[in-house]
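S.K.: Got a structure for you, written out below as structure tokens; questions coming shortly.
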RNA sequence: UCCUCGGUAGCUCAAUCGGCAGAGCGGGUGGCUGUUAACCACUAGGUUGGGGGUUCAAGUCCCUCCCGGGGAGCCA
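Numbering (the numbering used here), first residue to last: 16 to 445.
Structure follows, in structure tokens:
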């Protein structure tokens with residue numbers, strides 16, 4: 016008798032099959048026990064009757080949750096059963112009798128659940144989130160592939176910093192002294208566009224910020240695109256197509272998983288181009304009109320973002336920030352030198368920033384000055400400056416946070432549930 | 001780093017003005033032939049995060065340290 020996956024039950028009705036999996040839940044009523052089995056493809060209810068199964072029945076009836084089993088039985092269509100099918104069991108082999116499982120059926124707090132993350136990941140809700148995360152990453156790759164981008168794997172150990180040097184994790188690197196864990200692959204992507212035109216990277220990113228909020232992880236996954244001959248507006252057009260593609264594809268193919276985690280999917284149907292675009296100065300006017308005392312030159316805070324996204328039913332770009340609030344590599348605005356050609360994309364429903372992007376500075380001397388103005392050492396950026404010496408062209412790019420995007424699409428309060436093993440300020444275990 | 005909230009049974013929480021430390025779930029024992037977080041009965045389970053102090057008396061008040069949640073700054 017062949018092993019059968021629960022997801023294939025519809026093709027095996029009334030057949031005798033073998034299923035291997037774990038006991039997700041268990042109920043009993045005298046002479047009959049109901050085991051909810053999980054096999055990695057789905058869940059089903061297995062009916063075990065005392066009179067059929069024999070001597071092993073008392074042990075099955077008290078089997079600890081998450082014990083692993085190999086069961087034999089007939090697949091029956093049954094509307095009362097979760098999943099629509101159930102298994103009438105005539106034979107059971109206990110592969111491993113579990114110890115008392117720490118995660119119970121009732122509510123738990125975040126501290127406990129995070130300390131048990133390796134076991135928490137077996138919960139139905141976490142399983143759905145992991146499936147949606149997988150799908151989102153697949154659609155991200157698909158979008159870039161369809162649109163002529165080449166995947167470039169950028170290094171994790173770096174000697175140049177993309178953002179602010181105070182937020183780097185440093186690592187001893189043999190006799191070369193300090194290297195840093197990558198904050199961004201962007202600078203390296205820029206080196207690839209003369210050869211490949213449009214490139215992207217997708218990988219882990221490390222930020223040593225002492226952030227303790229629902230939007231921050233110290234280790235997170237970012238996808239970054241970099242495009243030759245794309246100017247600021249081309250960059251925004253691409254980003255809204257990209258985000259729309261990922262959201263619509265997720266809705267089309269993962270609606271069942273979204274419903275399992277009780278995501279209201281109606282607001283997501285609306286995520287199609289064009290998105291809203293307002294300038295930093297316009298955002299400031301809106302915020303001041305709402306009673307904020309935000310000053311020109313300061314970045315938008317979490318509350319500011321929430322306030323603005325609440326006014327729009329689609330994602331909104333905030334364009335052209337003051338140069339002093341942004342990274343050194345952003346291109347100076349041609350008419351207003353105190354601004355840069357950049358945009359952050361804020362997701363609706365209060366989720367806030369999911370993309371940061373900009374046109375890059377392509378003038379060698381302006382870039383050099385910008386590096387010096389930011390207190391960075393031009394010596395370390397020799398290779399990066401070379402890119403402006405050998406056929407410099409206008410180019411743009413952006414980075415999208417995978418966890419923030421998954422949190423938004425799934426409707427989760429906190430990014431910690433969107434990654435299998437979250438790394439946070441006070442948590443690197445398990 | 002700063003602000004704020006919290007730490008009581010394995011888990012989630014309660015305990016009035018400082019006055020006998022409790023419940024649900026989970027565990028154990030037994031019952032029930034169709035359960036849907038199954039249910040019913042009984043039962044075991046505590047250095048109230050650590051240390052110090054005030055008091056006749058501290059889970060409760062004070063000091064201090066540790067751990068965690070939420071937020072700020074910063075960012076995706």
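Ideal placement from N, C-alpha and C gives every residue a C-beta, glycine not left out. Fair warning: this is a prediction, and the values are worked out from it, not measured in the lab.
Please give the ranges of any beta strand (DSSP E) in the stretch 351-423, keeping only runs that are unbroken, at least 3 residues long and fully inside the region.
M.R.: 357-362, 367-374 and 410-416
S.K.: Using three-state DSSP, classify residue 105 as helix, strand or coil.
M.R.: strand
S.K.: Which two residues bound the contiguous alpha helix (DSSP H) that contains residue 190?
M.R.: Taken as a continuous stretch (DSSP letters only), residue 190 belongs to no alpha helix (DSSP H), as it is neither H nor E.
S.K.: What is the residue span of the alpha helix (DSSP H) that residue 203 lies within?
M.R.: Run containing residue 203: 201-211, per the alpha helix (DSSP H) assignment.
S.K.: Given 8 Å as the limit, is there contact between the stretch 129-147 and the stretch 64-76, that is, 3 or more CB pairs closer than that?
M.R.: Under the three-pair Cβ rule at 8 Å, the stretch 129-147 does not count as touching the stretch 64-76.
S.K.: Determine the closest residue to residue 282 out of 344, 332 and 263, with distance taken between C-alpha atoms.
M.R.: 263
S.K.: What are the start and end residues of each continuous alpha helix (DSSP H) run of 4 or more residues lying completely inside the stretch 300-352, in chain order?
M.R.: 317-324
S.K.: For the alpha helix (DSSP H) holding residue 250, just list the boundary residues, first then last.
M.R.: Counting along the chain, residue 250 sits inside the alpha helix (DSSP H) bounded by residues 247-275.
S.K.: In terms of residues, what are the limits of the beta strand (DSSP E) holding residue 241?
M.R.: That run of the beta strand (DSSP E) goes 234-243.
S.K.: Given residue 106, which residues of its chain have a CB within under 6 Å of its CB, disregarding the five upstream and five downstream residues?
M.R.: If we look at residue 106 and ignore the five residues flanking it on each side, its Cβ neighbours are 87.
S.K.: Pull up the CB-CB distance for residue 32 and residue 19, whole angstroms please, since I reckon it's below 8 Å.
M.R.: 4 Å
S.K.: Should residue 333 and residue 315 be called a contact, given that it needs their Cβ atoms to be closer than 8 Å?
M.R.: Contact: yes.
S.K.: Please list, in chain order, all residues of the same chain as residue 52 whose beta carbon is under 8 Å from its beta carbon, the five residues on each side excluded.
M.R.: 21, 34, 36, 37, 38, 39, 58, 59, 60, 61, 84, 86 and 102
S.K.: Compare the C-alpha of residue 95 against each of 249, 49 and 72 and name the closest.
M.R.: Of 249, 49 and 72, the smallest CA-CA separation from residue 95 is found for 49.
S.K.: When every heavy atom of the ligand ATP is checked, does at least one fall within less than 7 Å of the C-beta of residue 22?
M.R.: The ligand ATP is absent from the structure shown, which contains no ligand whatsoever.
S.K.: Over the uninterrupted beta strand (DSSP E) stretch that includes residue 141, give me the two end residues.
M.R.: Element bounds for residue 141: not the beta strand (DSSP E) but the alpha helix (DSSP H), 139-161.
S.K.: If you follow the alpha helix (DSSP H) that residue 68 is in, where does it begin and where does it stop?
M.R.: 65-68
S.K.: For my contact list, residue 418 and residue 221 are in at a C-beta cut-off of 8 Å; report their separation, rounded to the angstrom.
M.R.: Not confirmed; about 13 Å, so no contact.
S.K.: Between residue 152 and residue 425, which are expected to be in contact by the criterion C-beta below 8 Å, what is the C-beta distance as a whole number of angstroms?
M.R.: The Cβ separation is near 13 Å, so there is no contact.
S.K.: Looking only at C-alpha atoms, which of 379, 41 and 118 sits nearest to residue 97?
M.R.: 41
S.K.: By Cβ distance, which residues of its chain are closer than 8 Å to residue 335, with the 5 residues on each side in sequence left out?
M.R.: 294, 295, 296, 348, 351, 354, 355, 356, 357 and 358
S.K.: Take every Cβ of the stretch 248-257, pair it with every Cβ of the stretch 433-441, and state whether three or more of those distances are shorter than 8 Å.
M.R.: no
S.K.: So, helix, strand or coil for residue 444, using DSSP?
M.R.: coil
S.K.: Does the count of Cβ pairs from the stretch 194-201 and the stretch 169-176 closer than 8 Å reach three?
M.R.: yes
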